[in-house]
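*Asks:* Would you mind keeping the following structure in view while I ask a few things?
Protein chains in written order, with the numbering used here: chain A, 323 to 596; chain B, 957 to 1256.
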């Protein structure tokens, strides 16, 4: 009895130590964001005086609002377009029987696994031909034609919906689009939410895409791209870089806390069940 | 049927098959964007395998990350997931805390790490000094730059941890109870019950981890740019790629530089074709090993 109590204490101590290691970087970044620029260059970790105005200064020194607007446009449109195109595709792959559905799904998996750099040059040339390089549209428009990872994830969710419900609707005379809209969509809401959050986070965090298409046209930069250049742009100081870092992190963490359950369920489905 | 899949089929043709075929075609040409591509046969591949030292350095760096980053992340994910299964009180709080770093946008997390691991003023080396350890130069040292990225990757291990945790919770409890009655030690339970039960999950995570690491770009690019502290001159951020001393130059970064800094599109596509062959081989291993993954186990 006494021994198991000791084991419990030991386990909690390890868990607390690990938790401190995971949280410490956030703490240091947050504290530095409140320092003066001079103190941020020292090895102090506690602000000698607090400067919340740093969070305002970054908006005046750098066009943060424009970068925020660009990022929101990219994230919101990419997520909406992805849902419009990928939900029906996932439905056809999960719930309809047809020749070649497994083969098509294998192609979707290959597309999902393909390193984006392989097709970067031909795609860049394609978008240059239609004059859209220098904007975020080469990253947004393809979402109208489906996103391989989202199709994969949605299909894994849809597989868990029992076929009986769909058959019942079909017997009642529903066409396949009606089955999708009236029966599948309401039941798949958590899966759709998780996929949408993934897509939103991916575009919010995306660096490679905006770097490739907009690095030469600063008025189209996203927050991630701007943040990576922050220190060089206006000789901005570390305290301001850390304040901007917090601002880029914050929305992701807030969204996570509101949609934690759907999100964790989604992450779990990206693995494979044994 | 077709009405459901039409957008995706267009996507597959326009954004997968067409660019793949053009990449293969361009890889046999000399092409600088300004003039039409000129057929040069195997010359780009001869350069790649014969004289481009940088390509080999970049491939070696990417291979290094595959060998060290993937296992480090898997060990950290398994360790934290197992810790979570044993913690009785406050488990959900610990789960959120362990998961949190995986949410930090990669650019933001990388900048934070370069700051924390600053050799002169960062808290990490200051803490090491308390214990009498003379900390390394981390992101400024050719030897320590890649290990620093491994630390960053293991910090943000939460997504993998959640997957492993689900796998661990799926292991049937009666197996452990039976083993306890037979007097099995904790190690024996781990070795003969836990590991065999979750090995498909581990295998899947390992293979997809390799494919993700082949694409490793953002963290290496941002770390090099921020740590170098140089104002980016012509060539933008790619002028700092590889800092320090090519230690952080990954294969996809070399591809990017060849194409978009030196406008050598033919050669960049030869690099792309090689990357495709490697990634495709790994994907085939995944598909062969996990057929269930494709058929969905006949549910629905």
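Ideal placement from N, C-alpha and C gives every residue a C-beta, glycine not left out.
None of the values given here were measured: they were computed from a predicted structure.
Run down chain A in chain order and give the residues with a C-beta less than 7 Å from the C-beta of residue 1171 of chain B.
*Replies:* For residue 1171 of chain B, the chain A residues whose Cβ falls inside 7 Å of its Cβ are 437, 438, 439, in order along the chain.
*Asks:* Examine the Cβ distances between the stretch 542-557 of chain A and the stretch 1057-1068 of chain B and report whether three or more of them are shorter than 8 Å.
*Replies:* yes
*Asks:* Thinking C-alpha only, which one of A/444, A/377, A/357 is nearest residue 535 of chain A?
*Replies:* A/444
*Asks:* Would you mind stating whether residue 542 of chain A and residue 457 of chain A have Cβ atoms separated by less than 9 Å?
*Replies:* yes
*Asks:* Give the residues from the stretch 1090-1117 of chain B that approach chain A closer than 8 Å (Cβ to any Cβ), ordered along the chain.
*Replies:* Taken in chain order, the members of the stretch 1090-1117 of chain B whose beta-carbon sits within less than 8 Å of a beta-carbon on chain A are 1111, 1115.
*Asks:* Residue 964 of chain B CB to nearest chain A CB: under 9 Å?
*Replies:* Interface residue, yes.
*Asks:* Looking at the unbroken alpha helix (DSSP H) that takes in residue 1170 of chain B, where does it start and where does it end?
*Replies:* 1151-1170
*Asks:* Could you check the C-alpha separation between residue 513 of chain A and residue 987 of chain B for me, to the nearest Å?
*Replies:* 45 Å
*Asks:* From the DSSP output, in three-state form, read off residue 994 of chain B for me.
*Replies:* strand
*Asks:* Going by CA-CA distance only, name the one from B/1199, B/1068, B/1014 that's closest to residue 563 of chain A.
*Replies:* B/1068
*Asks:* Hey, how far is the Cα of residue 1127 of chain B from the Cα of residue 1153 of chain B?
*Replies:* Residue 1127 of chain B and residue 1153 of chain B have their C-alpha atoms roughly 6 Å apart.
*Asks:* Going by beta carbon distance, what residues of the same chain come within less than 8 Å of residue 1099 of chain B, once the five residues before and after it are set aside?
*Replies:* 1092, 1203
*Asks:* Are the CB atoms of residue 411 of chain A and residue 963 of chain B within a distance shorter than 9 Å?
*Replies:* yes
*Asks:* For the ligand SAM, is there any heavy atom lying closer than 8 Å to the beta carbon of residue 542 of chain A?
*Replies:* Among the components modelled here there is no ligand, and therefore nothing to report on the ligand SAM.
*Asks:* For residue 333 of chain A, go through chain B and note every residue whose CB falls closer than 9 Å to its CB, in chain order.
*Replies:* 1039, 1042, 1043, 1044
*Asks:* Where does residue 451 of chain A land, buried or exposed, given buried means 16+ other C-beta within 10 angstroms?
*Replies:* exposed
*Asks:* So, does the stretch 1134-1149 of chain B touch the stretch 378-392 of chain A, judging by three or more C-beta pairs under 8 Å?
*Replies:* Output reads no: the stretch 378-392 of chain A does not touch the stretch 1134-1149 of chain B.
*Asks:* Cα separation between residue 350 of chain A and residue 373 of chain A?
*Replies:* 15 Å
*Asks:* With a Cβ-Cβ cutoff of 9 Å, do residue 1036 of chain B and residue 1113 of chain B count as a contact?
*Replies:* yes
*Asks:* Name, going along the chain, the residues of the stretch 412-429 of chain A whose beta-carbon falls closer than 7 Å to a beta-carbon of chain B.
*Replies:* 413, 414, 416, 417, 418, 420, 424, 427, 428, 429
*Asks:* Rounding to the nearest angstrom, what Cα-Cα distance links residue 414 of chain A and residue 970 of chain B in this structure?
*Replies:* 20 Å
*Asks:* Rounded to whole angstroms, how far is the Cβ of residue 1231 of chain B from the Cβ of residue 1170 of chain B, which I believe are closer than 8 Å?
*Replies:* 7 Å
*Asks:* According to the Cβ coordinates, are residue 1247 of chain B and residue 1159 of chain B closer than 9 Å?
*Replies:* no
*Asks:* Is there at least one Cβ from chain A nearer than 9 Å to residue 1030 of chain B's Cβ?
*Replies:* no
*Asks:* Give a yes or no on contact between the stretch 1011-1027 of chain B and the stretch 1161-1176 of chain B, applying the rule of three or more CB pairs nearer than 8 Å.
*Replies:* yes
*Asks:* Note down the Cα distance separating residue 1120 of chain B from residue 1130 of chain B, rounded to an integer number of angstroms.
*Replies:* 20 Å
*Asks:* Hey, residue 1125 of chain B and residue 337 of chain A: beta-carbon distance below 9 Å or not?
*Replies:* With a cutoff of 9 Å on beta-carbon distance, residue 1125 of chain B and residue 337 of chain A are scored as not near each other.
*Asks:* Roughly how many angstroms lie between the CA atoms of residue 1122 of chain B and residue 330 of chain A, to the nearest whole one?
*Replies:* Cα to Cα, the separation comes out at about 22 Å.
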